[in-house]
Amino acid sequence: MSAASPVYFCRALFLSDLHLGTKDCKADYLLDLLAQVRPEQLFLVGDVVDLWSLKRQPFWPESHQAVLVALRALARRGTRVMYIPGNHDAALREFAGSQLLGVELQEEWIYTTAQGKRLLLIHGDRFDGAVMVGRFTSWLGDRGYDLLLWLNRWSHYGRRRVGLGYWSLASFLKNRVQLAQQAVERFVRAAVHEARERQLDGIVCGHIHAPDLRTQACILYCNTGDWVENCTALLEQRDGQLTLLHWSEVQRQLAVHQQASAA
Numbered sequence: 003m004s005a006a007s008p009v010y011f012c013r014a015l016f017l018s019d020l021h022l023g024t025k026d027c028k029a030d031y032l033l034d035l036l037a038q039v040r041p042e043q044l045f046l047v048g049d050v051v052d053l054w055s056l057k058r059q060p061f062w063p064e065s066h067q068a069v070l071v072a073l074r075a076l077a078r079r080g081t082r083v084m085y086i087p088g089n090h091d092a093a094l095r096e097f098a099g100s101q102l103l104g105v106e107l108q109e110e111w112i113y114t115t116a117q118g119k120r121l122l123l124i125h126g127d128r129f130d131g132a133v134m135v136g137r138f139t140s141w142l143g144d145r146g147y148d149l150l151l152w153l154n155r156w157s158h159y160g161r162r163r164v165g166l167g168y169w170s171l172a173s174f175l176k177n178r179v180q181l182a183q184q185a186v187e188r189f190v191r192a193a194v195h196e197a198r199e200r201q202l203d204g205i206v207c208g209h210i211h212a213p214d215l216r217t218q219a220c221i222l223y224c225n226t227g228d229w230v231e232n233c234t235a236l237l238e239q240r241d242g243q244l245t246l247l248h249w250s251e252v253q254r255q256l257a258v259h260q261q262a263s264a265a
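All residue numbers for the sequence shown refer to my numbering, where the first residue is 3 and numbers rise by one.
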């Protein structure tokens, strides 16, 4: 997108599972989002920097550094930026309650929307016990997911070479595996139960790389998705309405609109 692209103002933006420091992070799409959306508040709901991956194999291209620079720039321009660490950046949890370069660090947060809905902001790894069905299945899932991301990376590379937009092979395959869908539904039930137990209106989380926005058992369930497979974010409009953005799709729509306007 060009520097002249319009800027969209909103009340809050929720992002999670950026996984900066991995080869699968879609930093270019993320930078495009951060250049075009101006939130009053930005909530980073875990796994922003993948410390696990960096420990195994250092990987930090310029685009990943540019994301951190863009996040800090938002904070310097007056956006309230809050970072709620996840399991891949859990080492930062010991700094909860403090600030780092203008970014607030919290272990969790209760956020009130413009419509008065009280939402629990939490990464979601505490619900793993409700999802996992044994150590072997967990191990197999990790290895299988690594292969899935490898296939997704090369699919994305191939599509770019022939001029096609982003499409998530990983999400396509996961949505057709019954065990994966069952695990997601167990996670959703655990998250909804947590919000109900706290007498809240809903929950915003990430962790499972499955973007979603629904009401279940009178509780609002919001999963921001990720920037490894889906390139999604949760956005609160100024009137309090919540929207799930699939940013790669938005990019294509904006590009078509600009081309039509220039014609």
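Virtual Cβ for every residue (Gly too), placed ideally from N, Cα, C.
Asked                                                                                                        : Found
Inter-residue Cα distance where the pair is T139 and D203                                                    : Only weak support exists for where T139 lies, its pLDDT of 44 falling under 50; the value from the coordinates is given anyway. C-alpha separation (whole angstroms): 33 Å.
Assigned secondary structure, G204 (DSSP; H/G/I helix, E/B strand, else coil)                                : strand
Beta carbon of Y85 nearer than 7 Å to that of V105                                                           : yes
Residue span of the beta strand (DSSP E) that contains W62, given as start and end                           : Counting along the chain, W62 falls outside any beta strand (DSSP E), and DSSP gives it neither H nor E.
Residues bridged to F97 [DSSP beta-bridge criterion]                                                         : In DSSP, F97 forms no bridge with anything.
Which residues DSSP lists as bridging R82, in chain order                                                    : Q43
Backbone secondary structure at E110 - three-state DSSP                                                      : coil
Start-to-end residues for the beta strand (DSSP E) that takes in Q38                                         : Counting along the chain, Q38 falls outside any beta strand (DSSP E), though it belongs to the alpha helix (DSSP H) covering A29 to Q38.
G131 classed as buried or exposed, judged by whether at least 16 other C-beta atoms fall within 10 angstroms : exposed
Buried versus exposed call for I205 [16 or more other C-beta atoms within 10 Å across all chains shown]      : buried
Limits of the alpha helix (DSSP H) - the one that D130 falls within                                          : D130 to V133
V51 beta carbon less than 7 Å from that of G23                                                               : yes
DSSP three-state assignment for L70, whether helix, strand or coil                                           : helix
Cβ-based burial, A185 [other Cβ within 10 Å; buried from 16]                                                 : buried
Residues that D214 bridges to, as DSSP identifies them                                                       : N225
8 Å CB neighbourhood of Q101 in its chain, flanking five on each side removed                                : L107
Nearest-angstrom Cβ-Cβ length linking R58 and F11, presumed shorter than 8 Å                                 : Contact doesn't hold; Cβ gap of about 39 Å is too wide.
Rounded straight-line distance, which links the Cα of W229 to that of D127                                   : 17 Å
Per DSSP, the bridge partner or partners of H248                                                             : T234
N-terminal and C-terminal residue of the beta strand (DSSP E) that R120 is part of                           : R120 to L123
Cβ neighbour criterion (16 or more within 10 Å) applied to E231                                              : buried
Sequence-distant residues of the same chain with beta carbon closer than 6 Å to M3, five excluded per side   : Note on M3: pLDDT 39, under 50, position unreliable in the model; no value is reported.
Cβ neighbours of K28 in the same chain (closer than 6 Å, five flanking residues each side left out)          : W229 and C233
6 Å CB neighbourhood of R198 in its chain, flanking five on each side removed                                : I221
Assumed close pair A192, Y223 - CB separation to whole angstroms, cut-off 8 Å                                : Wrong, their Cβ atoms sit about 11 Å apart, outside the cutoff.
Whole-number beta carbon distance between L123 and T115, since they are thought to touch under 8 Å           : Their Cβ separation, rounded to whole angstroms, is 11 Å, which puts T115 and L123 out of contact at 8 Å.
DSSP state of A14 mapped onto helix, strand, coil                                                            : strand
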